[in-house]
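A.B. asks: In my numbering, the protein residues as written are 1408 to 1784.
Glycine included, C-beta positions come from ideal geometry on N, C-alpha and C.
Quantities reported herein were computed from a predicted structural model and do not represent experimental measurements.
Below are the structure tokens for one structure; questions will follow.
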Amino acid sequence: MAYKIPLFQLNFDEDEIQAVTNTIRSKWISTGPKCEELEQQFVEMFDVNYAISMSNCTDALHLACTLCEIKPGDEVLCPSLTFAASANCIRYVGATPVFCDIVGPEDINIDPADIERKITSKTKAIIVVHMAGFPADMDKIMSIAKKHNLKVIEDACHGPLSEYKGKKLGTIGDIGCFSFFSNKNISTGEGGMMITNNEVLAKRARLLRSHGMTTMSYQRAGGHATSYDVVDLGYNYRMDDIRASIGVVQMNKLQKDLDKRVEVRKWYDEKLKSVKGVIVPFTENKEFVSNYIMPIVLKESNVEKRDQVRDKLHAAGIQTSVHYPAIHRFSIYKDYKATLPQTDYVTDNEITLPMYASLTEEDITFIVETLDTILNG
Ligand SMILES: *Cc1c(COP(=O)(O)O)cnc(C)c1O
1408 MAYKIPLFQL NFDEDEIQAV TNTIRSKWIS TGPKCEELEQ QFVEMFDVNY
1458 AISMSNCTDA LHLACTLCEI KPGDEVLCPS LTFAASANCI RYVGATPVFC
1508 DIVGPEDINI DPADIERKIT SKTKAIIVVH MAGFPADMDK IMSIAKKHNL
1558 KVIEDACHGP LSEYKGKKLG TIGDIGCFSF FSNKNISTGE GGMMITNNEV
1608 LAKRARLLRS HGMTTMSYQR AGGHATSYDV VDLGYNYRMD DIRASIGVVQ
1658 MNKLQKDLDK RVEVRKWYDE KLKSVKGVIV PFTENKEFVS NYIMPIVLKE
1708 SNVEKRDQVR DKLHAAGIQT SVHYPAIHRF SIYKDYKATL PQTDYVTDNE
1758 ITLPMYASLT EEDITFIVET LDTILNG
């Protein structure tokens, strides 16, 4: 069924088509100048020292865990209310994810108090996810990390150009990871980026991204690389220039796209104020954020009621989603036995409403009025 208002819409036009065409015509389609251009855009726009393009964010998160020397027997703290990759990456290096609760329905980010409670002698790192692009409490998280000598990996997939006290998300911890999956703020189909201010980590990331091979990492200027050494156990986590050329166009559009999303979020906030039975997370936030998604949480509700509300919205032509089915309830995490009351409530009662730059005020009025009628008659 075609929705009257989909959850998300690509911000693509002739420019992306032209960029792909140009890259194909250039006859260089794998990792090359377009990947470098995209990396340079990240360095400049995020005010960060190093950016390394990746085939997707899951790979970036895996490499981040490797770079932080997380090993079997170690524990890594992470939220459960996130995409599965934020926890799976911990297991790729043989370590154990320890799930932390969120603050509550008004702030659906990881709770620093629960982080502190769950630190043991085995804890090595914290993976922070900035939900919907709204920053987690980084001052508290960084001070806990400093006190206990923990690394901080920011899964900043939702928050390109979002700010926390003037700093871009992804640049506050040791490493920041981004995704260019279709429905993200920057879309290339598949793709990702790792950013860091740490030169040692950045150099090793480049090496591990390409089989641990020396010639890729040092990029001999125009020469014929006739020999190379393999000096580390790496992977093929490279992005290609076809996708990167789409990314370059998307980056040029990003600020304008995000400015429009800010406007859409304002319409939502204003109109949702008068709807009884709805909590809108992060309404207190006054900083610039990416508004990747538009989450709401139903009050005094349960999973059956939430699903009924979603069905009725769909019947009215409004597509919704749930961010997220909590990871600790998935089959492969059942044995981890996490007790997360706030996460349990939000995962059962959250609805993600449509969010993209071309939504109009009339669209938002229609969505909110439909929701109000469903909830309050
Ligand atoms: C999309 C997403 C990922 C995974 O990114 P891929 O590029 O699809 O691997 C990880 N974490 C979060 C929070 C995401 O939204």
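#1: Looking at C-alpha atoms only, which residue of Asp1514, Ala1764, Leu1782 is the closest neighbour of leucine 1414?
#2: Would you check if the segment 1767-1774 and the segment 1527-1539 touch, i.e. whether three or more CB-CB distances between them fall below 8 Å?
#3: Which whole-angstrom value describes the C-beta separation of leucine 1608 and leucine 1488, a residue pair presumed to lie in contact below a C-beta threshold of 8 Å?
#4: Do the CB positions of valine 1455 and asparagine 1604 come within less than 8 Å of each other?
#5: Could you check what DSSP says for lysine 1680 in three-state terms: helix, strand or coil?
#6: Would you check if the segment 1491-1507 and the segment 1643-1654 touch, i.e. whether three or more CB-CB distances between them fall below 8 Å?
#7: Which residues does DSSP list as the beta-bridge partners of lysine 1574?
#8: What's the call for serine 1624, buried or exposed, on a 16-neighbour Cβ count within 10 Å?
#9: Assuming proline 1688 contacts aspartate 1514 (C-beta within less than 8 Å), just tell me the rounded distance between them.
#10: Could you name the residues that DSSP lists as bridge partners for threonine 1759?
#11: Going by Cα to Cα distance, which pick from Asn1709, Ser1728, Ile1431 is closest to arginine 1717?
#12: Does the count of Cβ pairs from the segment 1756-1763 and the segment 1445-1462 closer than 8 Å reach three?
#13: Under a three-way DSSP split, which group does methionine 1452 fall into?
#14: Would you check if the distance between the CB atom of arginine 1645 and the CB atom of arginine 1611 is smaller than 8 Å?
#15: Between lysine 1411 and the rest of its own chain, which residues show a CB-CB distance below 6 Å, the 5 nearest in sequence each way excluded?
#16: So, is glutamine 1657 buried or exposed, given that buried needs 16 or more other C-beta atoms within 10 angstroms?
#17: Closer than 7 Å: is that where the CB of valine 1536 sits relative to any heavy atom of ligand 1?
#18: Check each candidate in Ser1681, Leu1661, Gly1566, Val1505 and name the one with the smallest Cα separation from phenylalanine 1419.
#19: Can you name, in chain order, every residue of its own chain whose Cβ lies under 6 Å from the Cβ of cysteine 1485, other than the five neighbours on each side?
#20: Considering only their Cβ atoms, is the gap separating serine 1462 from glutamate 1597 smaller than 8 Å?
#21: If you compare alpha carbons, which of Thr1595, Lys1663, Asn1692 is closest to isoleucine 1424?
#22: The alpha helix (DSSP H) that contains aspartate 1718, what's its start and end?
#23: CB of alanine 1471 to nearest heavy atom of ligand 1: below 7 Å?
#24: Confirm the yes/no value for this check: CB of cysteine 1442, any heavy atom of ligand 1, distance under 7 Å.
#25: To the nearest angstrom, report how far apart isoleucine 1431 and phenylalanine 1587 are at their CA atoms.
#26: In this structure, does DSSP put lysine 1610 in helix, strand or coil?
#27: Glutamate 1423 lies in the alpha helix (DSSP H); which residues open and close that run?
#28: Check for me: the beta strand (DSSP E) holding isoleucine 1533 runs from which residue to which?
#29: Provide the residue(s) that pair with cysteine 1507 in DSSP beta bridges, ordered along the chain.
#30: Need the endpoints of the alpha helix (DSSP H) that methionine 1549 sits in, please.
#31: What residues in its chain sit with their C-beta under 8 Å from that of phenylalanine 1737, if we drop five residues either side in the sequence?
C.D. replies: From the atom records:
#1: Here residue 1414 refers to the residue found at position 7 of the sequence shown. When only C-alpha atoms are compared, the closest one is Ala1764.
#2: Touching, no.
#3: As a first step, residue 1608 must be located in the sequence shown, where it is residue number 201. As a first step, residue 1488 must be located in the sequence shown, where it is residue number 81. 27 Å between Cβ atoms; not a contact.
#4: If you number the sequence shown from 1, residue 1455 lands on position 48. If you number the sequence shown from 1, residue 1604 lands on position 197. Yes, Cβ-Cβ distance for valine 1455 and asparagine 1604 is below 8 Å.
#5: Counting from 1 along the sequence shown, the entry for residue 1680 is found at position 273. In the structure shown, lysine 1680 adopts coil according to DSSP, grouped into three states.
#6: Segments in contact, no.
#7: Within the sequence shown, the letter at position 167 stands for residue 1574. Paired residues: Tyr1571.
#8: Counting from 1 along the sequence shown, the entry for residue 1624 is found at position 217. Residue placement at serine 1624 cannot be trusted, given a pLDDT of 40 that sits under 50; the coordinates are not used to answer.
#9: Taking the sequence shown and counting its residues from 1, the one referred to as residue 1688 is at position 281. Taking the sequence shown and counting its residues from 1, the one referred to as residue 1514 is at position 107. With a Cβ gap of about 6 Å, proline 1688 and aspartate 1514 count as contacting.
#10: Working through the sequence shown from its first residue, we reach residue 1759 at position 352. According to DSSP, which records beta bridges pairwise, threonine 1759 is partnered with Pro1702, Ser1728.
#11: Position 310 of the sequence shown, counting from 1, holds the residue named residue 1717. Closest by alpha carbon: Ser1728.
#12: The segment 1756-1763 is not in contact with the segment 1445-1462.
#13: Residue mapping note: residue 1452 aligns to position 45 of the sequence shown, counting from 1. Helix, per DSSP.
#14: By one-based count along the sequence shown, residue 1645 stands at place 238. By one-based count along the sequence shown, residue 1611 stands at place 204. Pairing arginine 1645 with arginine 1611 gives a Cβ-Cβ distance that is not under 8 Å.
#15: As a first step, residue 1411 must be located in the sequence shown, where it is residue number 4. Leaving aside the five residues that flank lysine 1411 on each side, the residues in its chain whose CB is nearer than 6 Å to its CB run, in chain order, Gly1724.
#16: Within the sequence shown, numbered from 1, the residue matching residue 1657 stands at position 250. When all chains shown are included, glutamine 1657 counts as buried.
#17: As a working note, residue 1536 is residue 129 in the sequence shown. Checking the Cβ of valine 1536 against ligand 1 gives yes.
#18: The residue you call residue 1419 lines up with position 12 of the sequence shown. It is Leu1661.
#19: For the purposes of this step, residue 1485 is taken as residue 78 along the sequence shown, with counting starting at 1. The beta carbon of cysteine 1485 lies closer than 6 Å to those of Ser1493, Ala1494, Pro1504, Ile1534 in the same chain, with the five residues before and after it left out.
#20: Residue numbering aside, residue 1597 sits at position 190 when the sequence shown is read from its first letter. Residue numbering aside, residue 1462 sits at position 55 when the sequence shown is read from its first letter. Yes, Cβ-Cβ distance for glutamate 1597 and serine 1462 is below 8 Å.
#21: Counting from 1 along the sequence shown, the entry for residue 1424 is found at position 17. The closest CA to that of isoleucine 1424, considering only Thr1595, Lys1663, Asn1692, is found on Thr1595.
#22: The residue you call residue 1718 lines up with position 311 of the sequence shown. 1710-1722 is the extent of the alpha helix (DSSP H) around aspartate 1718.
#23: Taking the first residue of the sequence shown as position 1, residue 1471 is located at position 64. No, ligand 1 has no heavy atom inside 7 Å of this Cβ.
#24: Indexing the sequence shown from 1 puts residue 1442 at position 35. If you check the C-beta of cysteine 1442 against ligand 1, you find no heavy atom less than 7 Å away.
#25: Position 24 of the sequence shown, counted from the start, is the residue given in the question as residue 1431. Position 180 of the sequence shown, counted from the start, is the residue given in the question as residue 1587. Approximately 20 Å, taken between the alpha carbons.
#26: In the sequence shown, counting from the first residue as 1, residue 1610 sits at position 203. It is helical.
#27: Position 16 of the sequence shown, counted from the start, is the residue given in the question as residue 1423. Here the alpha helix (DSSP H) through glutamate 1423 covers 1421-1433.
#28: Working through the sequence shown from its first residue, we reach residue 1533 at position 126. Isoleucine 1533 -> beta strand (DSSP E) spans 1530-1536.
#29: For the purposes of this step, residue 1507 is identified with residue 100 of the sequence shown, where counting begins at 1. DSSP lists Pro1486 as the beta-bridge partner residues of cysteine 1507.
#30: Counted from its first residue, the sequence shown places residue 1549 at position 142. Residues 1545-1555.
#31: Reading the sequence shown from its first residue, position 330 is the one you call residue 1737. Setting aside the 5 residues that flank it on each side, phenylalanine 1737 is surrounded in the same chain by Ala1491, each with a C-beta closer than 8 Å to its C-beta; the list follows chain order.
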